[in-house]
Amino acid sequence: MPELPEVETIVADLRPHLVGRTIARCELSFRTIVRHPEPEEFVDAVVGMRIESVARRGKYILIRLVPGPGPGSRPGPSGPAPPPALPAPPHEWGGKGRFPMNGEEEDVLLVVHLGMTGQLRLVDEVTPLEKHTHAVFFLDDGRQLRYRDPRRFGRLLVGTQEALLASKKMPRLGPEPIDMEFQAEQLYRELKRRRAPLKAVLLDQKAIAGVGNIYADESLHRARLRPGRLANTVSKKSARRLHESLRESLLVAIANRGSSVDTYRDAWGEAGGQQEKLLVYGRAGEPCFTCGRPLSSTRIAGRTTVFCRRCQR
DNA sequence: TTAAATTCCTGTAAGC
DNA sequence: TGCTTACAGGAATTTA
Numbered sequence: 002m003p004e005l006p007e008v009e010t011i012v013a014d015l016r017p018h019l020v021g022r023t024i025a026r027c028e029l030s031f032r033t034i035v036r037h038p039e040p041e042e043f044v045d046a047v048v049g050m051r052i053e054s055v056a057r058r059g060k061y062i063l064i065r066l067v068p069g070p071g072p073g074s075r076p077g078p079s080g081p082a083p084p085p086a087l088p089a090p091p092h093e094w095g096g097k098g099r100f101p102m103n104g105e106e107e108d109v110l111l112v113v114h115l116g117m118t119g120q121l122r123l124v125d126e127v128t129p130l131e132k133h134t135h136a137v138f139f140l141d142d143g144r145q146l147r148y149r150d151p152r153r154f155g156r157l158l159v160g161t162q163e164a165l166l167a168s169k170k171m172p173r174l175g176p177e178p179i180d181m182e183f184q185a186e187q188l189y190r191e192l193k194r195r196r197a198p199l200k201a202v203l204l205d206q207k208a209i210a211g212v213g214n215i216y217a218d219e220s221l222h223r224a225r226l227r228p229g230r231l232a233n234t235v236s237k238k239s240a241r242r243l244h245e246s247l248r249e250s251l252l253v254a255i256a257n258r259g260s261s262v263d264t265y266r267d268a269w270g271e272a273g274g275q276q277e278k279l280l281v282y283g284r285a286g287e288p289c290f291t292c293g294r295p296l297s298s299t300r301i302a303g304r305t306t307v308f309c310r311r312c313q314r
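For the first sequence, this note's numbering gives the first residue as 2, with consecutive numbering after it.
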């Protein structure tokens, strides 16, 4: 499933191709994938808009839209090349818990959450339409940005930041774990005030944004911590180890273009490479790479959880 | 207020 | 072989 590293990969791939493009048309074939506003308003809101930036916040893809050139001046299929990609602002959001970006108040955000099986792909018009494609954005260069999602856990939203916040459809997200501003002390404070299992806190998007089942298990293993241990019992030293492990798990996964353990594919339909390198996720019963003991499996916070009884105390 | 349980959804794989 | 059933999980919602 797409977690922070997978979404980061997609966003980085799409950015240079999408920035500067105008959405000429939008077709929805599955209405309820749109969570805000009503589907008709959604289409009205995106058509004719120019893509100003493409960013990520947690597991959310944020596409900033500004009014595009009028219909008369819309370039044809072989229109001008996009401007050189702006160095994306690494983090376009405010402080902890605030969603999501700077920029002008009237700017519109097209928000995409991939859920479990969502895919956002950039294709040319002759690429056959795949089953479960729920939305197609027709771009002014003839290409199409397609949203596909067999299990339909994903969602699309559009609106000004103000409107999205007011709609309550966007959650308050915790800090970005790979942000340099995110310090071990901050993680320690969050853990101290929670009586839930460590794993449950890592999965809580309000505590830390972008971590899902794969990287929660991976980082707990790297930190040698039991997933079921209550968060408020960890020492400062352990919290520092978890902080470091979290960053490492996520950054290595980004370097390897994400984990394709289920149906995850990047913007070009290609699988990532991290699934080959996972330490524990999906390896229940197989030997621990550190001690050789078979990895254990249990259920925490409603999620399958794999860990090593010997290495993770 | 927080934590846990339930729900949504369909493709896949195990079991009979 | 073909059918049924269990399972996968992000996050909103409901319950405790």
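Just so it is clear, CB atoms sit at the ideal spot from N, CA and C, and this is done for glycine as well.
Because the structure is a prediction, the values reported are computed rather than measured.
CA nearest to the CA of MET50, picked from SER168, VAL159, SER297: Nearest to MET50 by alpha-carbon distance, out of SER168, VAL159, SER297, is VAL159.
Sub-7 Å separation of LEU188 and ALA240 beta-carbons: In this structure, ALA240 lies closer than 7 Å to LEU188 by Cβ.
Nearest to GLY59 (by Cα), restricted to the options ALA224, GLU177, MET171: Minimum Cα distance to GLY59 is reached at GLU177.
Contacting residues, own chain, Cβ-Cβ under 7 Å from HIS133 (five flanking each side not counted): Taken in chain order, the residues that qualify are ARG149, ASP150, PRO151.
Inter-residue Cα distance where the pair is HIS244 and ALA25: Those two C-alpha atoms are separated by around 44 Å.
Cβ separation of LEU130 and VAL8, assumed to be a contact under 8 Å, to the nearest whole Å: In this structure LEU130 is not in contact with VAL8, their Cβ atoms being roughly 24 Å apart against a cut-off of 8 Å.
Residue interval of the alpha helix (DSSP H) (run including GLU53): Per DSSP, GLU53 lies in no alpha helix (DSSP H) segment; the continuous beta strand (DSSP E) that holds it begins and ends at 50 to 58.
For GLN120 and ALA268, the rounded distance between their alpha carbons: Cα to Cα, the separation comes out at about 8 Å.
Through-space distance from PRO17 to GLU287, alpha-carbon basis: Computed Cα separation, rounded: 41 Å.
SER168 burial status per 10 Å Cβ neighbour count (16 or more: buried): So SER168 counts as exposed.
Expected contact under 8 Å - CB spacing of VAL202 and ALA232 to nearest Å: That belief holds up - the Cβ atoms of VAL202 and ALA232 are roughly 5 Å apart, short of 8 Å.
Contiguous beta strand (DSSP E) assignments of at least 3 residues, all confined to the segment 191 to 269: List check, beta strand (DSSP E) in window: nothing returned.
Which listed residue (ALA46, LEU251, ILE62) has its alpha carbon closest to that of GLY69: Of the candidates ALA46, LEU251, ILE62, the one whose C-alpha sits nearest the C-alpha of GLY69 is ALA46.
Spatial neighbours of ARG310 in its chain, beta-carbon cut-off 8 Å, leaving aside the 5 residues before and after: For ARG310, where only same-chain residues beyond five positions count, the Cβ hits under 8 Å are ARG294, SER297.
Nearest to GLY283 (by Cα), restricted to the options ALA272, VAL262, PHE290: When each option's Cα is compared against that of GLY283, the closest is VAL262.
Cutoff 6 Å; reference LEU5; Cβ partners in own chain excluding five residues on either side: Contacts found: GLY211, LEU251.
ARG223 versus SER246: straight-line alpha-carbon distance, rounded: Spanning the alpha carbons of ARG223 and SER246 requires a straight line of approximately 6 Å.
Check whether GLN206 and LEU166 have beta carbons under 7 Å apart: Inclusion of GLN206 and LEU166 in the CB contact set at 7 Å is not warranted, their separation being larger than that value.
Coarse secondary structure for TYR282, derived from DSSP in three states: Coil.
Pick from VAL48, ARG57, THR264 that is closest to GLY71, judged by C-alpha positions: It is VAL48 whose Cα lies nearest to the Cα of GLY71.
Range of the contiguous beta strand (DSSP E) that encloses ALA25: In the DSSP annotation of this structure, the continuous segment of the beta strand (DSSP E) that includes ALA25 starts and ends at 24 to 29.
Buried or exposed by the 16-neighbour rule on C-beta atoms within 10 Å, applied to ARG99: Unreliable positioning characterises ARG99 in this predicted model, as indicated by a pLDDT of 38, which lies under 50. The coordinate reading is nonetheless provided below. By the 16-neighbour rule on beta-carbons within 10 angstroms, ARG99 is exposed.
Per-residue burial, MET2 [other beta carbons within 10 Å of its own, 16 or more giving buried]: Counting Cβ neighbours within 10 Å, MET2 comes out buried, since at least 16 surround it.
CB contact flag (LEU146, LEU111, <7 Å): No; because the gap between Cβ atoms is not below 7 Å, this pair is not in contact.
Contact check, ALA254 vs GLN276, beta carbons under 7 Å: Contact flag unset, no.
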